[in-house]
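What follows is a single structure, written as structure tokens, with notes after it.
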Amino acid sequence: MKSSAPRVRGIIAIAISAVVFLVPFVFIFLTASKTAADASRFEFTWPTKFVLLENIAEVFQARDYVIVRAFINSTTLTVTSVTIMVVLAAAMGYVIQRRAGLWTNATQLLILAALIVPTAIVPTIWVMQSVGLYRTMFGMILIEVVGGLPFCVLLASAFVATIPRELDEAAVVDGAGPLRVFFTIVLPLLKPVIVTMIVVQSVGVFNDFTGPLYFLPGSENVTVQATLFNFQSQTLSQWNLLFADVLLITIPPLVLYIFFNRQIVDGMVNGAVKG
0 MKSSAPRVRG IIAIAISAVV FLVPFVFIFL TASKTAADAS RFEFTWPTKF VLLENIAEVF
60 QARDYVIVRA FINSTTLTVT SVTIMVVLAA AMGYVIQRRA GLWTNATQLL ILAALIVPTA
120 IVPTIWVMQS VGLYRTMFGM ILIEVVGGLP FCVLLASAFV ATIPRELDEA AVVDGAGPLR
180 VFFTIVLPLL KPVIVTMIVV QSVGVFNDFT GPLYFLPGSE NVTVQATLFN FQSQTLSQWN
240 LLFADVLLIT IPPLVLYIFF NRQIVDGMVN GAVKG
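Per numbering that gives the first Met the number 0, the sequence shown runs over residues 0 to 274.
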């Protein structure tokens, strides 16, 4: 009887997870597949007329194919921001673990403070305007890097602690310098946590709505989340097209999580347990 209890609890947990995560996705799919009249009722029912492909085609054609430009902008923002984040976080995590001292302790305090203190929107906009980075992709990339870097540094630092110092010392004895030790010895060993950082931060940057809204306004700079405004107004809301747009935006992060779910868990658990 006792041996079956963990299995029952596992089944219950899976059922609850399915309800919490799958039901909203099914509702999005069904609403995106309906006509405008059916979607406006917000009923969890099968479409009377299945028009998903037509709705998706209309979403792509809206405002002169703005969603294509939005996907290009979001992809550029995500890839560049996450690449910078991962490299900087790995290097900072390595230095924090290998060179303990006053400066590294102060850096850790600043990283923790960055996780706690919220972003000040108005002062940040003023600073970006002063240096000419407001409404620029490079400025938005810097905002995303600053926002996600503290979390990545904590993950990388915890994982570096699991790497024996003897490997560094052996490489130094063989004549390797600090950069060579990091890039040829340490960085390849950080692959599990790097995958975790890439997936988690990619989803976060790709789904960021408020950041581009405040710091990257303009039709030319539109990101995928901003395209949701295309199908809502004060007088008319095209719910079938809105949910079709949500469905398109949801697919890339969902695919990442499906294919890299195990790597995400391994990277976070290994660093937390061993670090």
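Beta carbons are placed, not taken as given, at the ideal position from N, Cα and C, and that holds for glycine.
For clarity, every value in this text was computed on a predicted model and none was experimentally measured.
Residues bridged to residue i [DSSP beta-bridge criterion]
| i | result |
| --- | --- |
| Q277 | The chain is shown from 0 up to 274; residue 277 falls before or after that span and cannot be answered. |
| Q231 | S236 |
CB contact flag (residue i, residue j, <9 Å)
| i | j | result |
| --- | --- | --- |
| S156 | Q200 | no |
| V204 | A89 | no |
| I66 | Y213 | no |
| E143 | D207 | yes |
| V202 | L255 | yes |
| R164 | G217 | no |
| Q237 | F228 | no |
| L253 | I27 | no |
| A275 | T222 | Nothing can be reported for residue 275: it is not among the residues displayed for the chain, which extend from 0 to 274. |
| A113 | V145 | yes |
| F59 | T249 | no |
C-alpha gap between residue i and residue j, whole angstroms
| i | j | result |
| --- | --- | --- |
| V152 | K48 | 50 Å |
| P117 | A38 | 37 Å |
| T82 | I140 | 10 Å |
| E57 | L240 | 7 Å |
| V272 | L166 | Confidence at V272 is low in this model, with a pLDDT of 45, below 50, so the placement of that residue should be treated as unreliable; the coordinate-derived value is given next. Each residue's alpha carbon lies about 21 Å from the other. |
| L52 | P122 | 44 Å |
| Q224 | G92 | 32 Å |
| I280 | G138 | Any answer about residue 280 is impossible in this case: the structure gives the chain only from 0 up to 274. |
| L29 | A35 | 12 Å |
| V192 | L154 | 7 Å |
| D63 | T75 | 20 Å |
| L132 | A12 | 47 Å |
| T44 | P251 | 26 Å |
| G210 | V172 | 47 Å |
| T161 | L188 | 10 Å |
| K190 | A14 | 32 Å |
| A175 | T183 | 9 Å |
| M0 | T106 | In this prediction, M0 has a pLDDT of 47, which is less than 50 and means its spatial position is unreliable; what the coordinates show is noted afterwards. Spanning the two alpha carbons is a distance of roughly 52 Å. |
| T77 | I110 | 22 Å |
Supposed close pair residue i, residue j - CB separation, criterion 8 Å
| i | j | result |
| --- | --- | --- |
| V198 | F158 | Wrong, their Cβ atoms sit about 15 Å apart, outside the cutoff. |
| S32 | V50 | 6 Å |
| A243 | N54 | 4 Å |
| N220 | M127 | With 8 Å as the limit, N220 and M127 do not qualify as a contact, their Cβ atoms being about 13 Å apart. |
| L148 | L87 | 6 Å |
- [ ] Tell me the start and end of each unbroken alpha helix (DSSP H) in the region 75 to 161 that is at least 4 residues and wholly inside, in chain order.
- [x] 101 to 115, 120 to 129, 136 to 159
Open item on the list: For a minimum of 4 consecutive residues, which ranges assigned as the alpha helix (DSSP H) are wholly contained in the region 11 to 70?
Closed with: 22 to 31, 35 to 38, 51 to 60
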